[in-house]
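Using the UniProt record's numbering, you'd call the opening residue of the sequence shown number 1 and step up by one each time.
All residues carry an ideal CB built from backbone N, CA and C; glycine is no exception.
From a predicted model like this one, the values you see are computed outputs, not experimental measurements.
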Amino acid sequence: MERTKERKQYFFVVHELVSRELKRRYSRSRLGILWSVLNPLLSMAVLSMLFSTMFRRSIENYPVYYLTGSLLWTLFSTGTNGAMTALTDNKALLLQVRLPKTIFPLARVWGAFLNLLYSLAAYAVILLIFGIRPSLSMLAFPAVTALAFLFTLGVGNVLAILYSFFGDIRHLYSVVLTLWMYLSALFYPVSALPEAVRRLLLLNPMYSYITAARECVMYGRFPSGFLWLSMGIWAVLSWAGGSLVFRKWQNRIIERL
């Protein structure tokens, strides 16, 4: 009973942290949460104008191709960037209230996941416009997203610890994130790359999640066993490793703060 009560309290705290973050993010915006829907649409429109002609022969339904990858990438980039500063941003709460510290990175990643859910409304409209009909393979999309969530949470936990000790990691990570995005085949066809680079992409976990999402939504195919294995291994390793690092160093965070 006590554990159940504690869990309910923790869920309540996570809910309040996410609500506060969303209110802060859209506090000066008249459209508010609608920007979660408009942002991916506007990005898709810009990238489509720039690259749809260039990749028209190699990528069918280019706007859908880009938007599918963008949803997963935005979850990862927003979630990890938010989780990185979650502990320092909530310094006062950490010092005053006794709570599991892992709640704070979790709340940031969960907020990024909620943004993805809001974006799905625009995504569904785009699918209809381009004539992509519902299929059984689309049932795999929630599983792909859940694995991407776990991977994001694991990376976010590690970044939260690193940022608490080394503030410069934030600037370094922005560079790494830019390179990571270009190596995830977000807006270009993999067929345009040399064979050696294609093999390198197979080592990129985000490429696996993005490719699997495109497979089950755009092409009406369930992701291959290799993709499932890759996504599962990366998700488990990231989540387990991130949790281990966080538990090992979390008690020294208060000293640093």
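Met84: member of the alpha helix (DSSP H) spanning Tyr62 to Met84, first to last residue. The Cβ neighbour count for Ser191, taken over all protein chains shown within 10 Å, is under 16; the residue is labelled exposed. One Cα belongs to Thr80, the other to Leu153, and the distance between them is close to 7 Å. Rounded to the nearest angstrom, the gap between the Cα atoms of Arg252 and Ala107 is 21 Å. 8 Å or more divides the Cβ of Arg214 from the Cβ of Thr85. DSSP places Ala185 in no alpha helix (DSSP H); its state is neither H nor E.
Three or more beta-carbon pairs separated by less than 8 Å link the segment 68-78 to the segment 204-212, which places the two stretches in contact. In this chain, the alpha helix (DSSP H) harbouring Phe226 covers Gly225 to Trp249. Annotation for Pro142: the continuous alpha helix (DSSP H) segment containing it runs Phe141 to Phe165.
Following the DSSP letters along the chain, one finds Asn115 inside the alpha helix (DSSP H) bounded by residues Ile103 to Ile129.
A residue is called buried when at least 16 other Cβ atoms come within 10 angstroms of its Cβ; Val176 does not meet this threshold and is exposed. Contact between Phe151 and Pro205 is confirmed by a C-beta separation of about 6 Å, below the 8 Å threshold. DSSP, read as helix, strand or coil, puts Pro134 in coil.
Non-local C-beta neighbours of Arg198 in its own chain, meaning closer than 7 Å and more than five positions away in sequence, comprise Val190, ordered along the chain. Collapsing the DSSP output to three states places Leu99 in coil. DSSP, read as helix, strand or coil, puts Arg221 in coil. In the structure shown, Ile169 falls within a helical segment according to DSSP collapsed to helix, strand and coil.
Apart from sequence neighbours up to five positions away, the residues of its chain that approach Ser243 with a beta-carbon distance below 8 Å are Thr102, Gly154 and Asn157, ordered along the chain. The C-alpha of Gly220 lies about 34 Å from the C-alpha of Ser174. For Gly225, the closest alpha carbon among the candidates Arg170, Ala140 and Leu183 is that of Ala140.
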